[in-house]
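Per my numbering, the very first residue in the sequence shown carries number 849; after that it's consecutive.
Worksheet: one structure, shown below.
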Amino acid sequence: MKKTIIENPIHYFERNPFVVIVTWLLAAAACYWVYDSIFNQNDLRTINPLSFFSVVPASVLLYQAFWFMLNPFVVFYKDRMEIQQSIFHTKQWHFLDLKTVNEVKNGRFAVVFNDDESERPNLIGIKPSHIAPTRETLLKLVNENLKTRSK
């Protein structure tokens with residue numbers, strides 16, 4: 849039997865509460881509309897097909913709202929960084945692949961890889977006050993990794 853290793857995060861940064869609240873409101877509205885259009889009828893044999901097919905998007909939106917509430921936006925582990933934007937989009941960067949972190953403008957930053965390609969992470973949904981500490985933490989961990997690589 850394979851033993852799974854659970855990694856503890858070194859540091860994490862939360863989502864913008866506005867994004868979480870808006871997602872919850874949209875999920876509540878979609879679930880209420882589905883419930884109201886399916887179950888608040890005199891005859892359950894005549895269900896509107898649009899409301900029947902809306903159950904899946906409402907369920908996904910509700911699951912996304914729970915996921916936003918329970919998962920942080922950026923998680924730093926010992927050897928990598930994860931940006932968990934949504935249930936459909938998660939990005940991982942291993943510190944071995946990174947050379948440095950450059951500041952672009954407005955507190956945003958770009959990640960430079962070992963082959964001198966750069967990429968700007970999509971940070972829509974993170975608290976604005978957490979952008980600069982995210983960059984500083986990433987730069988610190990990349991520099992520590994560069995020191996261990998050079999030995």
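The C-beta atom is built at its ideal place from N, Cα and C for all residues, glycine as well.
Cut-off 6 Å between Cβ atoms - residues of its own chain near Ile935, not counting five sequence neighbours on either side: Residue 935 sits at position 87 when you count from the first residue of the sequence shown. Only Gln912 and Trp915 meet the Cβ criterion.
Distance between Arg863 and Phe921 (C-alpha atoms, nearest Å): Mapped onto the sequence shown, residue 921 falls at position 73. Mapped onto the sequence shown, residue 863 falls at position 15. Going by the C-alpha atoms only, they are around 5 Å apart.
Rounded separation between Ser902 and Cys879 - CA only: The residue labelled residue 902 in the question sits at position 54 within the sequence shown. The residue labelled residue 879 in the question sits at position 31 within the sequence shown. Near 9 Å, if we compare the C-alpha coordinates of Cys879 and Ser902.
Pick from Ile853, Lys947, Pro857 and Ala876 that is closest to Glu992, judged by C-alpha positions: The residue you call residue 992 lines up with position 144 of the sequence shown. Among Ile853, Lys947, Pro857 and Ala876, the Cα nearest to that of Glu992 belongs to Lys947.
CA-to-CA distance, Asn888 to Glu965, given in whole angstroms: Residue 965 sits at position 117 when you count from the first residue of the sequence shown. Residue 888 sits at position 40 when you count from the first residue of the sequence shown. Cα-Cα distance, rounded: 56 Å.
Beta-carbon gap between Gln940 and Arg956 smaller than 7 Å: The residue given as residue 940 occupies position 92 in the sequence shown. The residue given as residue 956 occupies position 108 in the sequence shown. No. Outside cutoff.
CA nearest to the CA of Lys988, picked from Asp963, Val949 and Ala958: Locating residue 988 in the sequence shown gives position 140, where the first residue counts as 1. The shortest Cα separation from Lys988 among Asp963, Val949 and Ala958 belongs to Val949.
Cβ separation of Leu909 and Leu874, assumed to be a contact under 8 Å, to the nearest whole Å: Taking the first residue of the sequence shown as position 1, residue 909 is located at position 61. Taking the first residue of the sequence shown as position 1, residue 874 is located at position 26. Between Leu874 and Leu909 the Cβ distance is about 6 Å, and since that is below 8 Å, they are a contact.
Reduced DSSP secondary structure (H/G/I, E/B, other) of His978: Within the sequence shown, numbered from 1, the residue matching residue 978 stands at position 130. Correct three-state label for His978: helix.
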